[in-house]
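Number of protein chains: 2
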Amino acid sequence: MTVEEANTALYEALESADVDRMAAVWDDVEPDALVCVHPGWPMLRGRAHVLRSFSAIMAGTPYIQFFLTDVQVAVTGDVAVVTCTENILTAVEESGSSGEVVATNVFVRRGDEWKLQAHHGSPVLGTLEEVDDDGE
Amino acid sequence: MTVEEANTALYEALESADVDRMAAVWDDVEPDALVCVHPGWPMLRGRAHVLRSFSAIMAGTPYIQFFLTDVQVAVTGDVAVVTCTENILTAVEESGSSGEVVATNVFVRRGDEWKLQAHHGSPVLGTLEEVDDDGE
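This is the structure we're talking about:
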């Protein structure tokens, strides 16, 4: 399994709303080390808490599709940091879950596989042109 | 230098608005691998782009102070993932830079030092109690 495939598996699990696939994406060797930030959320820690949050999100999201752009992978030893932009098409009950999200996903190598240890997604509230204008 | 010290150095550089200290915090061995997300911003890539953004932020921020809470460090080989909550006191010209931010900071070991490779900060837009209520 390549890092890119492990990263894609996260979003396929979300798209299919499959709790078992989501559980398989995340590392279970160091369950207490798992961390997750959904866009606009506080930080969630620990495998049980993280997986429960995804179950809640998937239960409340009738339809969601991700188009990943600007994917970059940096591998250092047994750790891979994947950064990307999530372009999201969705129908959700709650606000703040559609549009553009930037994500940092940290994977650890476990044998032949890469398992997710940290996911941090955040809403893009302005354009790069707007923020670049600040102070320049 | 411990991972915690490297993490603290990031925030001290911001508090002192010292461009040179900020430059020393970030890795310069793989400059193209650096990524940074300021709260609500798109993803910035590359050492020059990242450092320029901090210079602009520091130039536009007369006063800022960080109180870090919920700091957790996970070390795997030569990579350390630090996650924390930034409680921020600030006086800024722009909006969206005060209050509570959650951060994921990825450091790589370079000799005796830890250098920052990825910083992802995002605004906390709700409480954990509110988000936990969704779908449960």
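Which chain is which? The protein sequence lines are A and B, in order. Note that the numbering used here has the first sequence beginning at 63, numbered continuously upward. Note that the numbering used here has the second sequence beginning at 63, numbered continuously upward. Glycine included, every Cβ here is placed at the ideal spot set by N, Cα and C.
query	result
CB contact check: Gly173(B) to chain A, cutoff 8 Å	no
Cutoff 8 Å: Ser184(B) Cβ touching any chain A Cβ	yes
Assumed close pair Val87(B), Ala75(B) - CB separation to whole angstroms, cut-off 8 Å	5 Å
Assumed close pair Met84(A), Leu106(A) - CB separation to whole angstroms, cut-off 8 Å	Not really, about 14 Å apart at Cβ, beyond 8 Å.
Closer than 8 Å to chain A by CB, Gly161(B)	no
Alpha-carbon to alpha-carbon, Met63(B) and Asp174(B)	7 Å
Val99(A) beta carbon less than 8 Å from that of Val168(B)	no
Spatial distance of Val65(A) from Phe128(B) (CA atoms)	34 Å
Rounded C-alpha distance that separates Gly188(A) from His111(B)	17 Å
Under 8 Å between C-beta atoms of Gly108(B) and Pro93(B)	yes
Close-in-space but distant-in-sequence residues of the same chain around Arg171(A) (CB under 6 Å, 5 per side omitted)	Asp140
Residue-level contact to chain A via CB, Leu187(B), 8 Å cutoff	yes
Best match in Asp89(B), Ser117(B), Ala71(B) and Trp103(B) for proximity to Gly183(B) [C-alpha to C-alpha]	Trp103(B)
Test: Arg107(A) CB closer than 8 Å to a CB of chain B	yes
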